[in-house]
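Visitor: Quick note: the sequence shown uses our numbering, first residue 38, plus one each step.
Ideal Cβ positions, reconstructed from N, Cα and C, are used throughout, including at glycine.
Nothing here was measured: the structure is a model prediction, and the numbers come from that model.
Next up is a structure, given as structure tokens.
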Amino acid sequence: MSHQKYRPDIDGLRAIAVLLVVGFHAFPEWINGGFVGVDIFFVISGFLISTIIFTSLNNGNFSFKTFYARRVKRIFPALLLVLIACFAFGWFVLLSEEYKQLGKHMSAGATFRSNFILWNEAGYFDNAAETKPLLHLWSLAIEEQFYIAWPLLLWFAWKKRIDPFTVCLFVIVVSFAVNASTINDRAIAAFYSPLSRFWELSCGSLLAYFKLRAPDRVFKANQNIEAFRNRFSYGDRVNHDVTAWPNIAAWLGIFLIVLAAWLLSSNSLFPGWWALLPTVGTCLILFAGPDGWFNRCVLSNGLLVKIGLISYPLYLWHWPMLAFARIIEVQIPAREVRIGAVLISVVLAWLTYRFIERPVRFGGYSRAKVITLCALMAIVGAFGYYTYKRDGFDFRLKDFEGKVKNLRRTQEATLSCKQAIPVKELTYCNMAEPSKDPSIVIIGDSHGNRLYENLASKYSEIGENLLQIGGGGCLPFWNVETGSPGKPNKCNEQMNPQLDFVLNTPSIKTVIFVNRGPLYIEGDDPVSARKYFIKDMSFPAEEDAKQIYKGALIRSVSRLAAKGKNVVLVIDAPEFPYNPLQCIDLERPFSSPFKQKPNCTISKSSVEWRNRNYIEVTNYVADKLGLQVINLQDALCDTKDCFALKDGTLLYMDADHLSRYGAKYVIERLWPHFPR
38 MSHQKYRPDI DGLRAIAVLL VVGFHAFPEW INGGFVGVDI FFVISGFLIS
88 TIIFTSLNNG NFSFKTFYAR RVKRIFPALL LVLIACFAFG WFVLLSEEYK
138 QLGKHMSAGA TFRSNFILWN EAGYFDNAAE TKPLLHLWSL AIEEQFYIAW
188 PLLLWFAWKK RIDPFTVCLF VIVVSFAVNA STINDRAIAA FYSPLSRFWE
238 LSCGSLLAYF KLRAPDRVFK ANQNIEAFRN RFSYGDRVNH DVTAWPNIAA
288 WLGIFLIVLA AWLLSSNSLF PGWWALLPTV GTCLILFAGP DGWFNRCVLS
338 NGLLVKIGLI SYPLYLWHWP MLAFARIIEV QIPAREVRIG AVLISVVLAW
388 LTYRFIERPV RFGGYSRAKV ITLCALMAIV GAFGYYTYKR DGFDFRLKDF
438 EGKVKNLRRT QEATLSCKQA IPVKELTYCN MAEPSKDPSI VIIGDSHGNR
488 LYENLASKYS EIGENLLQIG GGGCLPFWNV ETGSPGKPNK CNEQMNPQLD
538 FVLNTPSIKT VIFVNRGPLY IEGDDPVSAR KYFIKDMSFP AEEDAKQIYK
588 GALIRSVSRL AAKGKNVVLV IDAPEFPYNP LQCIDLERPF SSPFKQKPNC
638 TISKSSVEWR NRNYIEVTNY VADKLGLQVI NLQDALCDTK DCFALKDGTL
688 LYMDADHLSR YGAKYVIERL WPHFPR
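Here is the structure:
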């Protein structure tokens, strides 16, 4: 088993990987599947790390101390710099909630558990991914978790004389099975879990084992392919070129990677089976080696190699630059801003590589460096955790905080309410007087939660006890599931028991349905382009969202009405095609000359078009069953436009949720129409 020499083509492959990722993050409209660059990194990492481990084990000089010391010197310097820079910059520009979250992610990044934190955060009401400056550290966390577990597993197998080939194959099969079995109903888990990702790194490991243990087989395979080709050649021409297989492998590999980047998008169920494209493609390119023309002449090109050398710091820098630009602009930054962010990231990556990475990695005093780096990482992680526990140090930007105070969302669930309601799954649970039986219920998704605070106050004044329940992204209907492709909201588990409780509670006389109808019926979010589905579990063959919504609404209302409940349907507030937060000047210390404020209105005709099916279904059901309808748009629109801003104060907290002030504004104007 020989030692693996430096291969410039691997740095060229790293360059392709990082360019795909950066391109996807900066210009998703151009490179919609560029996120597969992360999978390329996974395979490369598994290949290189396993090459080191296999070689050391074979030579009898493997040392955990040496292995992990090298990892620390390779990973920690650039990561520390980026974490500290984000923490410092965030101090001046982030709201307390944003800075609190940054602290949590900083702590997670320093301890390589970002994937688990983001996995748990991936909920309906979580901050947009584009505004998390350390979001990208999830992949680094998975790599580090592999680096911790893999040497231990291989060392144990080596000591017990278990063939490493068997170990690699076992991990690949089990991990891929976890990935394939969870992608449809637990896509977020499949994306972030190391158990569903380790197979990609292990593919690189298996390749490393094969390349080191059986190089003669590669040579023989080349000869066999060449002989097969010559057999069908005309004349007596014999070609002794033995690069046939490397060339085939390299070209097929790059084809699979390009195919993945072209076919896939953020709406694809990934990783799943789709991840085979970049994973197998990368394995083929690595297997081809320097004998392949593509590796030798394209991937080993000087420019690609230089980009590959800075690929790690470039990966670390590019996302915080884009995320902070998004935060400052409160929208997708202008193209000029994104180009500038990428160029600055390249400069920072080169400076980091030249003056931080190389001196630390290759200089002297190794033991002192490792101890210092570990101590600094512990301190940075502790600072992040302290920031999280101190709620983001809200004393930093008092004027800034005051301007958006009314945007805060209401309490999702109180303990006193949960204790009073005998239902297990309660994302939302608020009750004006938990010690008393509820008389009126508002049930639905997060949009119903926005109305609770002001409605509860109004109803308390007339002696009614309002209960608000529901689930994020869930319709208030029996047996209906919703969610994004591969990411169901598990609404059946939440809404069925809640509706059963409402149905069987005699004290509840009135039920108010609130939900973001257009999202479910039209199937998309106008701001994030997120796709949404609605499925009637009672009639799974039905695929028309409008018919599913109508049928489930009729059945649910009819069941409640049969029990004597008075059901009221609320037509939701207009959605905006941008975040209305752009409408006010938040006076962040940093701003962009390209930032443009919208006029904070949307034409009523466009609102009516977006809501046409939603309003048609709502009015049809109301007429059919004799129900009252309350249209929130009556308070937010005139004959021409609908408004996101009133008297200098935002009516919305984002593109579709009312702010606290907006909810109060709507309830004050429409209160006479609400049932008593």
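Assign F680 to one of two classes, buried (16 or more other C-beta atoms within 10 Å of its C-beta) or exposed (fewer than that).
Guide: The residue in question, F680, is buried, as its Cβ has 16 or more Cβ neighbours within 10 Å.
Visitor: Roughly how many angstroms separate the alpha carbons of Y229 and L492, rounded to a whole number?
Guide: Going by the C-alpha atoms only, they are around 39 Å apart.
Visitor: By DSSP's criteria, Y689 is part of a beta bridge. Which residues make up the other side?
Guide: Paired residue(s): L695.
Visitor: With DSSP run on the structure shown, which of helix, strand or coil describes T547?
Guide: Here T547 sits in strand by DSSP.
Visitor: I'd like the list of long-range same chain contacts for Y184, defined as Cβ closer than 6 Å, with 5 residues on each side in sequence excluded.
Guide: Closer than 6 Å at Cβ, skipping near neighbours: R108.
Visitor: Where does N98 land, buried or exposed, given buried means 16+ other C-beta within 10 angstroms?
Guide: Flag for N98 reads exposed.
Visitor: Between L388, D200 and L504, which lies nearest to V119 when the distance is taken from Cα to Cα?
Guide: The shortest C-alpha separation from V119 is found at L388.
Visitor: Does the Cβ-Cβ distance between G60 and G71 come in under 8 Å?
Guide: For G60 and G71, yes; Cβs fall inside 8 Å.
Visitor: For M414, does the three-state DSSP call read helix, strand or coil?
Guide: Three-state DSSP puts M414 in a helix.
Visitor: Indicate whether A325 and V73 have their beta-carbon atoms separated by less than 8 Å.
Guide: For A325 and V73, no; Cβs fall outside 8 Å.
Visitor: I'd like the span of the beta strand (DSSP E) that includes I479, first residue to last.
Guide: Element bounds for I479: I477 to G481.
Visitor: In the DSSP assignment, find the alpha helix (DSSP H) that holds N69 and state where it starts and stops.
Guide: Element bounds for N69: n/a, residue is neither H nor E.
Visitor: Assuming A378 contacts A63 under a Cβ cut-off of 8 Å, what Cβ separation, rounded to an integer in Å, is found between them?
Guide: Yes, A378 and A63 are in contact; Cβ-Cβ is about 7 Å, under 8 Å.
Visitor: For a quick check, are the C-beta atoms of L488 and A287 less than 8 Å apart?
Guide: No, these two residues do not count as a Cβ contact at 8 Å.
Visitor: Here's the rule: buried if 16 or more other CB atoms are within 10 angstroms of the residue's CB, otherwise exposed. What is K572?
Guide: With 16 or more Cβ atoms within 10 Å of its Cβ, K572 is classed as buried.
Visitor: If you drop the 5 nearest sequence neighbours on each side, which residues of the same chain put their C-beta closer than 6 Å to that of V367?
Guide: Result list for V367: N616, L618 and Q619, in chain order.
Visitor: Considering E462, what are the terminal residues of the alpha helix (DSSP H) in which it resides?
Guide: Careful: E462 lies outside any alpha helix (DSSP H) and carries neither H nor E.
Visitor: Check for me: the beta strand (DSSP E) holding N668 runs from which residue to which?
Guide: Start and end: Q665 to N668.
Visitor: What do you get for E373, buried or exposed, if any count of 16 or more other CB atoms within 10 angstroms of its CB means buried?
Guide: Classification of E373: exposed, given that the 10 Å Cβ count is below 16.
Visitor: Excluding sequence positions up to five away, which residues of its chain have a Cβ less than 7 Å from the Cβ of V607?
Guide: Same-chain partners within the cutoff: I549, F550, V551, I667 and L669.
Visitor: For T424, does the three-state DSSP call read helix, strand or coil?
Guide: Three-state result, T424: helix.
Visitor: Classify V275: buried if its beta carbon has 16 or more other beta carbons within 10 angstroms, exposed otherwise.
Guide: With a pLDDT of 47 at V275, under the threshold of 50, the modelled position of this residue cannot be trusted, and the question is left open.
Visitor: If contact is defined by three or more beta carbon pairs under 8 Å, each pair taking one atom from either stretch, is the region 86-98 in contact with the region 307-322?
Guide: In short, these stretches do not touch, since the Cβ pair count stays below three.
Visitor: State yes or no: is the C-beta of C528 within less than 8 Å of the C-beta of G560?
Guide: In this structure, G560 does not lie closer than 8 Å to C528 by Cβ.
Visitor: Could you check which residue in V460, P471 and Y586 has the C-alpha nearest to that of C454?
Guide: Measuring from the Cα of C454, the nearest candidate turns out to be P471.
Visitor: If you drop the 5 nearest sequence neighbours on each side, which residues of the same chain put their C-beta closer than 6 Å to that of K600?
Guide: Cβ within range, chain order: L540.
Visitor: Less than 8 Å between the beta carbons of R553 and S348, yes or no?
Guide: For R553 and S348, no; Cβs fall outside 8 Å.
Visitor: If you run the structure through DSSP and keep just helix, strand and coil, what is K683?
Guide: Here K683 sits in strand by DSSP.
Visitor: On the premise that I294 lies in contact with I77, defined as a C-beta separation below 8 Å, what is that separation, rounded to the nearest angstrom?
Guide: Yes, I77 and I294 are in contact; Cβ-Cβ is about 7 Å, under 8 Å.
Visitor: Taking three-plus beta-carbon pairs below 8 Å as touching, is the region 498-512 in contact with the region 475-483?
Guide: Taking 8 Å as the limit for Cβ pairs, the verdict is that the region 475-483 does touch the region 498-512.
Visitor: What's the C-alpha gap between A106 and G146?
Guide: Cα to Cα, A106 sits roughly 19 Å from G146.
Visitor: Residue range of the beta strand (DSSP E) that I652 falls in?
Guide: Taken as a continuous stretch (DSSP letters only), I652 belongs to no beta strand (DSSP E), being part of the alpha helix (DSSP H) at R649 to L662.
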